[in-house]
Amino acid sequence: MPVTLEIVSPAKLLLSREVDMVVVPSAEGDLAAQENHAPMIVLLRGGVITVYDGGKAGDQFFVAGGFAEITGDRCTVLADQAVPVAELSRDAARARLDDAEKGWENADKQDIAVRDAALDRLLSAREEVRLAG
Amino acid sequence: MPSLKDLRGRINSVKSTRKITSAMKMVAASKLRRAQAQAEAARPYAERMEAMLSRLAANVAGRPGAPRLLAGDGADRVHLIVAITGDRGLAGAFNSSIGRQTRNLVRRLLAEGKTVKILAVGRKGRDYLRRDFYDAMAGDMMFGGRRTIEFAQAQEIAERVSAMFDRREFDVATLIYNRFHSVISQIPTERQLIPLPPPATEGEGKGPGAMYEFEPDEETILNRLLPQNLAVQIYRAMLETNAGFYGAQMTAMDNATRNAGDMIKKLTLNYNRTRQANITKELIEIISGAEAV
Numbered sequence: 001m002p003v004t005l006e007i008v009s010p011a012k013l014l015l016s017r018e019v020d021m022v023v024v025p026s027a028e029g030d031l032a033a034q035e036n037h038a039p040m041i042v043l044l045r046g047g048v049i050t051v052y053d054g055g056k057a058g059d060q061f062f063v064a065g066g067f068a069e070i071t072g073d074r075c076t077v078l079a080d081q082a083v084p085v086a087e088l089s090r091d092a093a094r095a096r097l098d099d100a101e102k103g104w105e106n107a108d109k110q111d112i113a114v115r116d117a118a119l120d121r122l123l124s125a126r127e128e129v130r131l132a133g
Numbered sequence: 001m002p003s004l005k006d007l008r009g010r011i012n013s014v015k016s017t018r019k020i021t022s023a024m025k026m027v028a029a030s031k032l033r034r035a036q037a038q039a040e041a042a043r044p045y046a047e048r049m050e051a052m053l054s055r056l057a058a059n060v061a062g063r064p065g066a067p068r069l070l071a072g073d074g075a076d077r078v079h080l081i082v083a084i085t086g087d088r089g090l091a092g093a094f095n096s097s098i099g100r101q102t103r104n105l106v107r108r109l110l111a112e113g114k115t116v117k118i119l120a121v122g123r124k125g126r127d128y129l130r131r132d133f134y135d136a137m138a139g140d141m142m143f144g145g146r147r148t149i150e151f152a153q154a155q156e157i158a159e160r161v162s163a164m165f166d167r168r169e170f171d172v173a174t175l176i177y178n179r180f181h182s183v184i185s186q187i188p189t190e191r192q193l194i195p196l197p198p199p200a201t202e203g204e205g206k207g208p209g210a211m212y213e214f215e216p217d218e219e220t221i222l223n224r225l226l227p228q229n230l231a232v233q234i235y236r237a238m239l240e241t242n243a244g245f246y247g248a249q250m251t252a253m254d255n256a257t258r259n260a261g262d263m264i265k266k267l268t269l270n271y272n273r274t275r276q277a278n279i280t281k282e283l284i285e286i287i288s289g290a291e292a293v
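Here you go:
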């Protein structure tokens with residue numbers, strides 16, 4: 001029995017289909033969701049969602065952060081921003097990295113919430129640049 | 001009795017008005033399609049986020065130390081009203097219905113002895129509300145005539161609202177916007193943003209909700225999810241407003257085109273009657289002149 005994977009960003013529904021397994025970049029390490037996974041709600045870091053069909057890695061999506069809800073037969077990803085890895089643009093990624101670096105430099109490092117948010121953005125942007133090549 | 005020349009002038013001016021309104025109708029119709037598609041594309045995210053939030057909230061609600069964005073302070077002295085309208089007019093009662101709804105709400109709250117602050121999104125709403133409640137205006141934001149609405153714009157508004165909330169400038173926030181019901185009907189809708197009203201689907205959400213595991217932990221996720229939810233709600237309202245605006249404009253321009261057509265018909269009839277009357281009068285003059293000879 002496969003897992004129903006849905007990837008949605010504020011702008012649109014990117015993917016909604018049944019897959020054998022999906023690996024999501026949770027904030028504390030990658031997490032694979034297969035059928036009968038224990039129900040979880042996880043925070044995502046910037047990284048890649050990989051879809052597995054029949055034991056082979058298939059579609060890959062970059063997410064800039066967000067949330068995922070995993071239940072026994074579903075995996076719903078609420079991404080802040082999601083793009084198929086093949087469609088990442090190098091220039092857009094660079095621009096985002098520059099923004100994030102500036103944000104990190106200007107962030108108030110004493111305020112933990114602000115610091116963490118800026119750091120997450122920076123790491124997510126670095127990952128995007130790496131993937132965009 | 002207007003002269004023939006006057007009538008001709010008026011017919012021509014109404015004809016050019018009709019050209020403009022029918023062109024605006026076409027433009028609104030094509031923009032409506034895009035805006036509607038955008039609004040519909042954003043729906044799945046908002047729905048799933050709401051569902052996830054209600055399951056989370058069921059876990060945390062009632063516990064002390066629940067995030068303020070979720071539960072508030074228990075006070076409801078100062079109200080913030082976020083009114084979303086279009087930037088432009090010529091859309092019938094679209095903008096003024098939001099204005100009226102807001103005004104009624106403000107009057108009601110003031111009568112209850114509450115303090116009211118207004119954040120106007122969209123130029124028309126700002127102009128309308130500033131006239132009546134100048135002292136209550138907490139600020140305004142505009143779409144700046146941009147063609148599409150980006151999530152970043154909604155985030156900007158949401159950040160502003162949550163910054164105000166963090167400074168304890170208000171206790172309750174309400175969003176007023178036009179819900180896009182269909183092309184010809186937009187419904188002014190009030191929606192409470194802060195504190196979050198309890199989810200409607202209480203009975204079903206609670207059972208499995210307790211079984212979720214959280215990573216890193218509920219607090220952290222909730223602290224991220226709540227501001228995001230705020231932005232999403234505002235984003236959704238902005239998209240619905242955008243779609244509704246073009247719908248309303250299309251309907252208004254369709255009416256205007258039809259009215260112009262009616263008017264042209266009436267004026268043309270009048271013109272022809274006057275023309276005939278003039279001819280008849282001249283004929284009578286000639287005939288009676290000839291008879292007199």
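These protein sequence lines map, in sequence, to chains A and B. For the first sequence, this note's numbering begins at 1 and goes up steadily by one. For the second sequence, this note's numbering begins at 1 and goes up steadily by one. Beta carbons: idealized from backbone N, C-alpha and C, even for Gly.
Select from B:215, B:117, B:95 the residue whose C-alpha is nearest the C-alpha of residue 135 of chain B.
B:117
Considering only their Cβ atoms, is the gap separating residue 79 of chain A from residue 64 of chain A smaller than 9 Å?
yes
Any chain A beta carbon closer than 9 Å to residue 44 of chain B
yes
If you reduce the DSSP assignment to three classes, tell me which class residue 208 of chain B lands in.
The predicted model places residue 208 of chain B with a pLDDT of 45, which falls under 50 and marks its position as unreliable; any figure quoted below should be read in that light. The answer is helix: DSSP assigns residue 208 of chain B an H, G or I state.
Chain B partners of residue 4 of chain A, CB-CB under 9 Å?
Those do not exist, as residue 4 of chain A stays about 12 Å from chain B at its closest Cβ, beyond 9 Å.
What residues are listed by DSSP as bridge partners for residue 52 of chain A?
A:21, A:57
Positions along the region 229-257 of chain B whose CB lies within less than 7 Å of some CB in chain A
232, 235
Residues of chain A with CB closer than 8 Å to the CB of residue 56 of chain B, please, in chain order.
41
If you draw a straight line from the alpha carbon of residue 183 of chain B to that of residue 54 of chain B, how long is it in whole angstroms?
31 Å
Let me check you understand the geometry: is the CB of residue 133 of chain A closer than 8 Å to at least one non-hydrogen atom of the ligand GDP?
The ligand GDP is not among the ligands present in this structure, which contains no ligands whatsoever.
Check whether the Cβ of residue 221 of chain B lies closer than 9 Å to any Cβ atom in chain A.
yes
Using the beta-carbon count (16 or more within 10 Å), is residue 46 of chain A buried or exposed?
buried
Within chain A, partners of residue 41 of chain B - CB distance below 8 Å
11, 12, 13
Cβ of residue 69 of chain B within 9 Å of any chain A Cβ:
no
In the region 167-185 of chain B, which residues sit with their C-beta less than 9 Å from some C-beta in chain A, listed in chain order?
none
Residue 30 of chain A CB to nearest chain B CB: under 9 Å?
no
Members of the region 64-85 of chain A near chain B, C-beta cut-off 7 Å:
67, 69, 76, 78
With a CB to CB cut of under 7 Å and the five nearest residues on each side skipped, what residues in its chain are close to residue 7 of chain B?
267, 270, 271, 274
Check whether the Cβ of residue 135 of chain A lies closer than 9 Å to any Cβ atom in chain B.
Missing from the structure shown is residue 135 of chain A; chain A here goes from 1 to 133 and no further.
Would you identify the three-state DSSP class for residue 84 of chain B, choosing helix, strand or coil?
strand
Could you please give the first and the last residue of the uninterrupted alpha helix (DSSP H) stretch that includes residue 238 of chain B?
218-292
Terminal residues of the alpha helix (DSSP H) in which residue 124 of chain A lies:
112-132
Sequence-distant residues of the same chain with beta carbon closer than 7 Å to residue 71 of chain A, five excluded per side:
39
Distance check for residue 13 of chain A and residue 82 of chain A, CA to CA, integer angstroms please.
10 Å
What separation, rounded to the nearest whole angstrom, lies between the Cα atoms of residue 192 of chain B and residue 133 of chain B?
21 Å
Boundaries (first-last residue) of the beta strand (DSSP E) holding residue 178 of chain B:
172-182
Need the endpoints of the alpha helix (DSSP H) that residue 94 of chain B sits in, please.
94-111
Since residue 161 of chain B is in the alpha helix (DSSP H), which residue starts that stretch and which ends it?
151-166
Would you please state the rounded distance, in angstroms, between the beta carbons of residue 56 of chain B and residue 41 of chain A? I believe it to be under 8 Å.
7 Å
At 7 Å on the CB atoms, spell out the chain B contacts of residue 38 of chain A, in chain order.
213
Counting only Cβ pairs nearer than 8 Å, list the residues of chain B close to residue 8 of chain A.
44, 45, 48
To the nearest angstrom, how far is it from the Cα of residue 226 of chain B to the Cα of residue 18 of chain B?
49 Å
Are the Cβ atoms of residue 105 of chain B and residue 169 of chain B separated by less than 9 Å?
no
Give me, in chain order, the residues of the same chain whose beta-carbon lies closer than 8 Å to that of residue 114 of chain B; leave out the 5 immediate sequence neighbours on both sides.
76, 77, 78, 79
Name, in chain order, the residues that DSSP records as bridge partners for residue 141 of chain B.
B:121
Should residue 208 of chain B be flagged as near chain A, meaning a C-beta pair shorter than 9 Å?
Any reading at residue 208 of chain B needs caution, since the residue's pLDDT is 45, under 50, leaving its predicted position unreliable; the model's value is listed next. So, interface residue.
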